[in-house]
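For the record, the sequence lines run as chains A and B.
Under our numbering, think of the first position of the first sequence as 7, with each following residue one higher.
Under our numbering, think of the first position of the second sequence as 29, with each following residue one higher.
Don't be surprised by glycine CBs; every beta carbon is placed ideally from N, CA and C.
Quick caveat, the model's predicted, so the values are computed rather than measured.
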Amino acid sequence: MRVSMDIELKDVPGQMLLALQPLSEFKANLITVLHHHQKRTPRKTVPVQLVLETKPESIGAIKAKLEESGIRVVRVGEHRFRESINVVLIGHVVHTGIQDTIDEIDKTGFAEVVDLSLSMPGINLLSSALIRIDAVGKEDLKRALDILKKVSAKKDLLMVLPIDIQA
Amino acid sequence: MKTVRCSILGFGAIGQGVAEVLLMKKEYLESIGLEILVVAVVDSRGATVNPAGVDLADCIARKRTKGTVAIEKLTGVEVIKSVDHELVIETTPTNIVTGGAGLQNMLAAFETGKDVITSNKGPLTLKYKELTEAAKAAGSKFRFEATVGGSMPIINLANEVLAGNRLKSIKGILNGTCNYILTRMLEERASYKDILAESMELGIAETDPTYDVDGIDTACKLVILANAIFGLDVTYKDVEVTGITKITPEALEMAYERGHVIKLIGEVSREKIHVAPRLVPINHPLDVRGTLNVASIDTELAGEITVTGKGAGPIETASAILSDLIAIYGNR
Chain A
7 MRVSMDIELK
17 DVPGQMLLAL
27 QPLSEFKANL
37 ITVLHHHQKR
47 TPRKTVPVQL
57 VLETKPESIG
67 AIKAKLEESG
77 IRVVRVGEHR
87 FRESINVVLI
97 GHVVHTGIQD
107 TIDEIDKTGF
117 AEVVDLSLSM
127 PGINLLSSAL
137 IRIDAVGKED
147 LKRALDILKK
157 VSAKKDLLMV
167 LPIDIQA
Chain B
29 MKTVRCSILG
39 FGAIGQGVAE
49 VLLMKKEYLE
59 SIGLEILVVA
69 VVDSRGATVN
79 PAGVDLADCI
89 ARKRTKGTVA
99 IEKLTGVEVI
109 KSVDHELVIE
119 TTPTNIVTGG
129 AGLQNMLAAF
139 ETGKDVITSN
149 KGPLTLKYKE
159 LTEAAKAAGS
169 KFRFEATVGG
179 SMPIINLANE
189 VLAGNRLKSI
199 KGILNGTCNY
209 ILTRMLEERA
219 SYKDILAESM
229 ELGIAETDPT
239 YDVDGIDTAC
249 KLVILANAIF
259 GLDVTYKDVE
269 VTGITKITPE
279 ALEMAYERGH
289 VIKLIGEVSR
299 EKIHVAPRLV
309 PINHPLDVRG
319 TLNVASIDTE
329 LAGEITVTGK
339 GAGPIETASA
349 ILSDLIAIYG
359 NR
């Protein structure tokens, strides 16, 4: 299963290595590491988010091992969203209700718009948006895109999909 | 030495390119046992005919100074029917509404048992089945590598070099004008309109760019690939098409910041034929810039094979025609 884990590292050399050792010991596959070096906690530690793939029975042991090494484990949770995609929308993105477009995806429960960049160069010019959608699985992502396709058609938006997605 | 008598029908940029390449490659062709004797050159105003072989350099010079090669008032079809030869090189302008002179020329060529090599998409987009059946009935060879991707080998690559592989799909950039416009919009952060104007000034876009920018040209090429490689029986109407006219510099920039470029991608498989702007990861094999064309063939045994090359240009297109000519008549 895929698990996200928020940990805190002391700001001294060698801490990251210490954090990764238990993962290697229990053969967990590290998917992403987000090292928030700028965001110190009040405890002066550095927050780090890990996403790893591991057996459910190893999670407890990994957590215990980390804590033994003096690493604070703030949160462990099942990573819900496994699929992610960027989509560009071009047209009267704002006038036709961007919130409503996002809501259509968010209310599914299996997909969410997690990021949005928007550019509106002028009143009579086309706006552009780049949204990132996360979804539970591949099928869910496809269903979310189908919804977005319908909304885009209704709002006369051009939808630019990644090349690896079946158009 | 095998002598192949041929006509060049259509003497615009591509026809002249063919003439130049035949002059350039005369010795090479002879070294592989081929003498290509051009017995007629035809443009929209008439023809130069000489059963002993016309002077190609003189034809090019006359076309450039007088605007025509016409000495006799003969059309392509009349030349096909009245002058003895084996091969018609058909390079008249593409017309995707009626098929234009090209369609008449090709049908007449098959009717009289001649082989045809062409760069003209129009007739193939409209009447692929009719043309291939006519060629087959006449026992004529019919090759058209130059219709898709200019110099970039794709039809012959898929059908001959990759023979035996079942092909799953072909995706790529098949229109250099659109690729140029999208590349430049990103580089300059300039609007579609401004870069289109620049492309027209440089002669990269036509005065009426609709055919390119609306994705029609890409769709026509997909139709040819679908019919010639995937064995489908489709026409332009079977293609879902979206062009690039709505693309904004802001969209290109946002995509770029997330590691993507936007390209007009044509995609053909047995299930779907589709043209639309797509997000392509930077440094992906399909991320080629400027006027380049590119195609990725997804094959059953060989995996993905990608070719890239110049999609237009008289000499580049003539290179594809030359390879078709050698494929038909060369003793390899």
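Under 9 Å, CB to CB, which of the residues in the region 281–293 of chain B have a partner in chain A?
For the region 281–293 of chain B, the set of positions with a beta-carbon nearer than 9 Å to some beta-carbon of chain A reads GLU281, MET282, ALA283, GLU285, ARG286, GLY287, HIS288, ILE290, LYS291, ILE293 in chain order.
Straight-line Cα distance separating VAL82 of chain B from ILE183 of chain B:
Their backbone Cα atoms lie some 31 Å apart in a straight line.
Where do the ends of the beta strand (DSSP E) carrying SER125 of chain A lie?
Element bounds for SER125 of chain A: 117–125.
Closer than 8 Å at the beta carbon, the chain B residues around ASN92 of chain A
Correct list: ALA283, ARG286, HIS288, LEU307.
Could you please give the first and the last residue of the uninterrupted alpha helix (DSSP H) stretch that includes MET165 of chain A?
No alpha helix (DSSP H) contains MET165 of chain A, which is instead part of the beta strand (DSSP E) from 164–168.
Hey, how far is the Cα of THR174 of chain A from the Cα of ASP240 of chain B?
An answer regarding residue 174 of chain A cannot be provided, because it is not within the stretch 7 to 173 covered by chain A.
Under the three-state reduction of DSSP, which class applies to LYS199 of chain B: helix, strand or coil?
Reduced to three states, the DSSP call for LYS199 of chain B is strand.
Is PHE170 of chain B helix, strand or coil when you go by DSSP?
When DSSP states are grouped into helix, strand and coil, PHE170 of chain B belongs to the strand group.
Three or more beta-carbon pairs under 8 Å between the region 106–120 of chain A and the region 293–305 of chain B, yes or no?
Contact fails between the region 106–120 of chain A and the region 293–305 of chain B, because fewer than three Cβ pairs, one in each stretch, are under 8 Å apart.
Beta carbon proximity, LEU36 of chain A to chain B, threshold 7 Å:
No, no contact with chain B.
Just the C-alpha distance for PHE116 of chain A and ASP12 of chain A, rounded to the nearest angstrom, thanks.
Their Cα atoms are separated by approximately 23 Å.
Which partner residues of VAL94 of chain A appear in the DSSP bridge assignment?
Answer is A:LEU136, A:VAL166, bridged to VAL94 of chain A.
Does chain B have any CB closer than 7 Å to the CB of SER158 of chain A?
Chain B contact via Cβ: absent.
Going along the chain, which residues of the region 132–157 of chain A sit with their C-beta nearer than 9 Å to a C-beta in chain B?
Considering only beta carbons, the part of the region 132–157 of chain A lying closer than 9 Å to chain B consists of LEU132, SER133, SER134, ALA135, LEU136, ARG138, in chain order.
For PRO127 of chain A, I'd like the list of residues in its chain whose CB is within less than 7 Å of its CB, leaving aside the five on either flank, ordered along the chain.
The beta carbon of PRO127 of chain A sits closer than 7 Å to no other beta carbon from its chain once the five residues preceding and following it are set aside.
Between the Cα of ASP143 of chain B and the Cα atoms of B:ALA163, B:LYS157, B:ALA129, which residue gives the shortest distance?
Each of B:ALA163, B:LYS157, B:ALA129 was checked against the Cα of ASP143 of chain B, and the nearest Cα belongs to B:ALA163.
Residue nearest to GLY83 of chain A in terms of C-alpha spacing, selected from A:PRO19, A:LYS144, A:ARG49, A:GLN55
Of A:PRO19, A:LYS144, A:ARG49, A:GLN55, the residue nearest in Cα terms is A:GLN55.
According to DSSP, which residues form a beta bridge with HIS101 of chain A?
Residue pairing by DSSP leaves HIS101 of chain A without any beta bridge partner.
List in chain order: all unbroken alpha helix (DSSP H) runs of 4+ residues lying wholly within the region 83–150 of chain B.
Within the region 83–150 of chain B, the complete alpha helix (DSSP H) runs of at least 4 residues are 84–94, 104–110, 128–139.
Helix, strand or coil: how does DSSP classify GLU268 of chain B here?
The answer is strand: DSSP assigns GLU268 of chain B an E or B state.
Are the region 282–290 of chain B and the region 253–270 of chain B touching by the rule of at least three beta carbon pairs closer than 8 Å?
At 8 Å Cβ cutoff, the stretches do not touch.
Alpha carbon to alpha carbon, what distance is there between PRO62 of chain A and GLY20 of chain A?
C-alpha separation (whole angstroms): 27 Å.
Across the region 143–161 of chain B and the region 306–322 of chain B, are there enough close Cβ pairs to call them in contact, namely three or more that are closer than 8 Å?
They do not touch, by the three-pair rule.
Taking Cβ-Cβ distances shorter than 7 Å, what residues in chain A pair up with GLU216 of chain B?
Going along chain A, no residue has its Cβ under 7 Å from GLU216 of chain B, so there is no contact; the nearest lies around 15 Å.
Output yes if chain A places a C-beta closer than 7 Å to the C-beta of ALA68 of chain B; else output no.
No, no contact with chain A.
Local Cβ density within 10 Å of ARG212 of chain B, reported as buried at 16 or more and exposed below that
Under this definition ARG212 of chain B is a buried residue.
Report back the beta-carbon spacing between GLY97 of chain A and LEU132 of chain A to the nearest angstrom; my notes put them in contact at under 8 Å.
Contact between GLY97 of chain A and LEU132 of chain A holds: CB atoms are separated by about 6 Å, below the 8 Å threshold.
Assigned secondary structure, GLU204 of chain B (DSSP; H/G/I helix, E/B strand, else coil):
Here residue 204 of chain B turns out to be Gly, not Glu, going by the sequence shown. Correct three-state label for GLY204 of chain B: helix.
Reference ALA220 of chain A; option with closest CA among A:ASP170, A:HIS42, A:SER158, A:LEU29
Residue coverage of chain A in this structure runs from 7 to 173, which leaves residue 220 of chain A outside it and unanswerable.
Could you pull out every residue in the same chain whose Cβ sits closer than 7 Å to the Cβ of VAL18 of chain A, ignoring the five residues on either side in sequence?
Answer for VAL18 of chain A: no residue qualifies.
Helix, strand or coil: which one does DSSP assign to LEU210 of chain B?
Three-state DSSP puts LEU210 of chain B in a helix.
I need the DSSP call for THR107 of chain A, collapsed to helix, strand or coil.
Looking at THR107 of chain A - three-state DSSP - the assignment turns out to be helix.
Under 7 Å, Cβ to Cβ, is there at least one residue of chain B near SER123 of chain A?
Closer than 7 Å to some Cβ of chain B, the Cβ of SER123 of chain A qualifies, so yes.
Give me, in chain order, the residues of the same chain whose beta-carbon lies closer than 6 Å to that of ARG90 of chain B; leave out the 5 immediate sequence neighbours on both sides.
Only residues of its own chain outside the window of five on either side were considered, and among them VAL97 have a CB closer than 6 Å to the CB of ARG90 of chain B, listed in chain order.
Distance, GLU100 of chain B Cα to GLY38 of chain B Cα:
Distance between the alpha carbons of GLY38 of chain B and GLU100 of chain B is about 15 Å.
Would you be able to state if there are at least three C-beta pairs under 8 Å between the region 152–161 of chain A and the region 44–51 of chain B?
Counting C-beta pairs with one atom in each stretch, the region 44–51 of chain B and the region 152–161 of chain A have fewer than three that are closer than 8 Å, which means they do not touch.
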